[in-house]
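Q: To start, I am sharing the structure in question, which I have written as C-alpha cells.
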Amino acid sequence: MSAPAPFKARTIVLHGPESTGKTVLAETLAARFGGVAVPEYGRAYCELHGVDCDADDLLNIAAGQDAAIDAAGRETSGLIVSDTDALLTDVWSRMMLGESCFKAAPPRVSGALYLLTDIDTPFIQDALRVYGDEASRRRFFALAKAALEQHGVEFVTISGAWAQREAAGIQAVADRFPQLAEDIP
C-alpha cells in the first residue's frame with residue numbers, strides 16, 4: 665500500500681452509489697469552506713472509453729482519481745473535497761466484475777472524512793449511469809458502506825432531501841474541521 669498523502673488530513677471524499685448527489689455536494693462543500701472540488705475522473709474516462717469497464721480500466725480510473733487528488737493537494741493549502749476516490753472505484757469493481765480489481769495492493773484511502781451518500785433520492789438516468797434499479801442501488805450502497813467499515817475510515821451517512829443533505833454535509837465538515845467553520849460567516 666502506498667504511503668498516505670500529506671494532505672489526507674484535510675481531504676473529504678464523497679462516497680456512494682451513482683445519482684446520490686456526490687458531485688453537487690462536493691462542489692457545495694468546497695465553495696462553502698473555501699476549498700477545492702476534485703471532479704470524478706471516472707466520468708471523463710467513461711465518456712471517452714465507454715462504461716463497459718474491465719479491471720485495467722478501473723485501475724486506470726483509480727490512478728487518475730488519485731493523481732487528481734494529489735494535484736489538488738499541491739495547488740491548495742485548504743480543504744480538498746473529492747467527488748470519489750480509489751476506494752469507491754473498488755466498490756465499482758465489485759459491482760461490475762464481482763470482485764476487486766486491486767490484486768497487487770489495496771486501494772488508497774484518500775480522505776480524513778468520507779460522506780456516504782444514501783440512495784433515498786430519485787435516480788436520474790444519464791448516458792453513463794448503470795445501476796438505476798432499486799436492487800442494484802441497495803447492493804451498491806451496502807458495498808460502499810462495507811468498504812468504509814472494512815478500511816476503518818471515519819464516515820458520516822448523508823440522507824434526505826437536498827436541503828437535509830447539504831446541511832448534514834456542512835455539519836459533518838464543521839465537526840471534523842472546526843477551524844474551517846470558524847472562518848465561515
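For what it's worth, this note's numbering labels the leading residue of the sequence shown as 665, then goes sequentially. Yeah, the Cβ is synthetic: ideal placement off N, Cα and C, and Gly gets one too. Being a predicted model, the structure only gives us computed values, none of them experimental.
Which two residues bound the contiguous beta strand (DSSP E) that contains I788?
A: I788 -> no beta strand (DSSP E), and no H or E assigned at all.
Q: Could you compute how far the alpha carbon of P681 sits from the alpha carbon of T740?
A: 28 Å
Q: Please go through the segment 734–820 and give each complete alpha helix (DSSP H) segment of 4 or more residues, from N-terminal end onward.
A: Contiguous alpha helix (DSSP H) elements confined to the segment 734–820 occur at 750–761 and 798–814, taking only those with 4 or more residues.
Q: Is the Cβ-Cβ distance between A708 and A701 less than 7 Å?
A: The Cβ atoms of A708 and A701 lie no closer than 7 Å to each other.
Q: Return the first residue and the last residue of the alpha helix (DSSP H) that V913 is part of.
A: Since the first residue shown for the chain is 665 and the last is 849, residue 913 is missing from the structure and cannot be characterised.
Q: In terms of residue numbering, what span does the alpha helix (DSSP H) encompassing T692 cover?
A: T692 -> alpha helix (DSSP H) spans K686 to R696.
Q: 7 Å is my cut-off, CB to CB: does E818 come that close to chain C?
A: Here chain C cannot be found, since the structure has a single protein chain.
Q: Do G775 and V677 count as a contact pair if the criterion is CB distance below 7 Å?
A: yes
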